[in-house]
Amino acid sequence: MPSASLRLAVVGAGAAGLVAARELRREGHAPVVFERAAAVGGTWLYTPPATSSDPLGAAATHSSLYASLRTNLPRETMGFLDFPFAAGAAGSRDPRRFPGHEEVLRYLEAFARRFDLLRLVRFETEVLSVRREDGGRWAVTSRKLGDKGSGEEEFYDAVVVCNGHYTEPRLAVIPGVDAWPGKQMHSHNYRVPEPFLDQVVIIIGASASAVDISRDIASMAEEVHIADRSAPASTCNKQPGYDNLWLHSMIDHAQEDGTVVFQDGSSIKADVIMHCTGYLYDFPFLGDDSTITVDDNRVDPLYKHIFPPEVAPHLSFIGLPWKVIPFPLFELQSKWVARVLSGRINLPSEDRMMEDVKAFYLKLEAHGWPKRYTHNFANYQFEYDDWLAEQCGHPPVEEWRKQMYAVTSMNKAARPESYRDEWDDEHLVAEANEYFKKFL
Ligand code: FAD
1 MPSASLRLAV
11 VGAGAAGLVA
21 ARELRREGHA
31 PVVFERAAAV
41 GGTWLYTPPA
51 TSSDPLGAAA
61 THSSLYASLR
71 TNLPRETMGF
81 LDFPFAAGAA
91 GSRDPRRFPG
101 HEEVLRYLEA
111 FARRFDLLRL
121 VRFETEVLSV
131 RREDGGRWAV
141 TSRKLGDKGS
151 GEEEFYDAVV
161 VCNGHYTEPR
171 LAVIPGVDAW
181 PGKQMHSHNY
191 RVPEPFLDQV
201 VIIIGASASA
211 VDISRDIASM
221 AEEVHIADRS
231 APASTCNKQP
241 GYDNLWLHSM
251 IDHAQEDGTV
261 VFQDGSSIKA
271 DVIMHCTGYL
281 YDFPFLGDDS
291 TITVDDNRVD
301 PLYKHIFPPE
311 VAPHLSFIGL
321 PWKVIPFPLF
331 ELQSKWVARV
341 LSGRINLPSE
351 DRMMEDVKAF
361 YLKLEAHGWP
371 KRYTHNFANY
381 QFEYDDWLAE
391 QCGHPPVEEW
401 RKQMYAVTSM
411 NKAARPESYR
421 DEWDDEHLVA
431 EANEYFKKFL
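Read in the UniProt record's numbering, the sequence shown has 240 at position 240, and its numbers run on one by one without any break.
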């Protein structure tokens, strides 16, 4: 088993990389964090509008935030377990319960300063490759921004991957779209509504981004049509409170004359199709020796969504689960990884870990969940969090946080337009703020 004080490479200084670095160091390890951006924050580092040469593609240098984005979780739930994201805490300037994205970045910066993490980060340094060496070490090749050449190779005892999964666009398949003359883009490249003035825009998707962006664009566009693949085929409804916003079933096909036909039979001449269709897991720096593959958004095989059994614990992934409260989950995953690496927690044998992975896949199949939902934790995030917490001897996730998450989901469904400004769980807010006093 590994011993304490390992030299570790952490890829990424977003929320996951920062908390991983803190937990690894707390456990006595020596993490080096590689970050290709010039600052910490990852997703929360907003980049202003620019004309992208590839509006459907990923530009590694910018995140997926749009200017008007406010959090879709209440701030009380969002923060790390021992560093509350409380209004009025260090660096806070936007006291709203669902603040703008700048407030989250300020919070992550405050976290990095508070735990003295900045000096662990090598900024503007991209990891180009991670390769397993004989003897169990990992060769990490990185290159400083602006440097020419093949980069610098260094050796680490283990690698913790925290590179995020909201950068590589996933696109909808639309028959006929190659001949369709309009403009296509992905929500990754959406920033502000002004360029859509007087245009007819089709938004594909039903996620939080699709809901927000359709409303944002409706303030400028002539018409906005949402295509939701989960809506019944006959759906064609004007949305309450809007003159220019419709909900449809999925697009059937697009035509050379600019028309887009929906499965509900209606059709529209559109200027833009915006894919709000999510993202793909992507690890361009990992070679075959990482032992994982990604197929239909399943990162396979991973024990507890973290360790590839064959190379555990020397390669790990923090932050893959979605439909979760991300920061506390990252924190608990990081605590577990740090303790496993120091040998304070033992993993099962490789065979037992593989059995666990296979049993999990069988369970997904039995529930009829598609492969792409492998890391969708909608139904069991707290069960998972509490399992990790128990392994680490940490208390379970607070009851108020669990309740607030559930109540917010219901409020969002009941008041999709106003859940960020109207709620009925003031008693939980009071309980959370009382709880935070011990950390502030
Ligand atoms: P990221 O934030 O993506 O960080 C990954 C980092 O790795 C980046 O800084 C990147 O530059 C770096 N990196 C990647 N590859 C390399 C490489 N090869 N070499 C060096 N560095 C590399 N969460 C919430 O809690 N509340 C919300 O309201 C919320 N809203 C969201 C809205 C949108 C539009 C999106 C896209 C996400 C939202 N999230 C929200 C989820 C959010 O992504 C997570 O909260 C969290 O920020 C993810 O952190 P991460 O560290 O896993 O990834």
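All residues carry an ideal CB built from backbone N, CA and C; glycine is no exception.
If you're wondering where the values come from, they're calculated on a predicted model, not measured in any experiment.
Sub-8 Å separation of residue i and residue j beta-carbons
i	j	result
Gln255	Gly176	yes
Leu8	Val192	no
Phe34	Arg70	no
Phe317	Ile325	no
Leu428	Val407	yes
residue 443	Ala218	Outside the displayed span of the chain (1 to 440) sits residue 443, for which this structure offers no information.
Ala233	Ser249	yes
Val127	Ser150	no
Trp400	Tyr373	no
Gly91	Tyr107	yes
Ile204	Ala179	no
Val261	Asp271	no
Trp322	Phe285	no
Asn411	Tyr419	yes
Leu280	Glu168	yes
Phe80	Arg114	no
CA-to-CA distance, residue j to residue i, given in whole angstroms
i	j	result
Glu383	Glu390	11 Å
Gly17	His29	14 Å
Asp54	Leu171	13 Å
Glu154	Ala208	40 Å
Val10	Ala221	43 Å
Ile273	Pro195	14 Å
His394	Phe327	16 Å
residue 441	Ala13	Absent from the model: residue 441. The displayed extent of the chain is 1 to 440, so no value can be given.
Gly146	Asn163	20 Å
Lys304	Arg75	27 Å
Ala59	Glu223	28 Å
Ala87	Leu440	11 Å
Tyr166	Val32	23 Å
Asp385	Asp157	27 Å
Gly42	Arg36	10 Å
Val173	Ala20	37 Å
Cys236	Asp295	34 Å
Ala210	Leu6	43 Å
Val201	Ala231	18 Å
residue 487	Ala89	Outside the modelled stretch of the chain, which goes from 1 to 440, sits residue 487, for which no answer is possible.
Ser290	Pro301	10 Å
Ala430	Phe111	23 Å
Met185	Asp351	44 Å
Ser68	Ser349	48 Å
Phe330	Val40	16 Å
Glu355	Leu320	20 Å
Arg119	Trp44	20 Å
Ser334	Asp424	33 Å
Gly359	Lys238	A small fix is needed here, since residue 359 is Ala in this sequence, not Gly. About 44 Å.
Trp246	Gly135	60 Å
Ala95	Phe85	The amino acid at residue 95 is misidentified as Ala; the sequence shows Pro. Each residue's Cα considered, the two are about 10 Å apart.
Proximity test, Cβ basis, 8 Å: residue i and chain D
i	result
Leu315	Of the chains in the structure shown, none is chain D; there is only one protein chain.
Report yes or no: do three or more beta-carbon pairs, one from the region 91 to 111 and one from the region 131 to 150, lie closer than 8 Å? no
Unbroken beta strand (DSSP E) runs of length 3 or more, entirely within the region 220 to 291: which are they? 223 to 227, 236 to 238, 245 to 248, 251 to 254, 259 to 262, 267 to 269 and 272 to 275
Is the region 329 to 348 close to the region 363 to 372, with three or more CB pairs under 8 Å? Result no; under three Cβ-Cβ pairs closer than 8 Å.
Are at least three pairs of beta-carbons, each pair with one atom in the region 310 to 317 and one in the region 264 to 272, less than 8 Å apart? no
Enumerated in chain order, which unbroken segments of the alpha helix (DSSP H) with a length of 4 residues or greater are wholly contained in the region 144 to 224? 208 to 218
Please list the segments of the alpha helix (DSSP H) lying wholly inside the region 84 to 119, counting only runs of 4 or more residues, in order along the chain. 101 to 114
At 3 residues or longer, what runs of the beta strand (DSSP E) sit wholly inside the region 284 to 339? You should have 293 to 295, 298 to 300 and 315 to 317.
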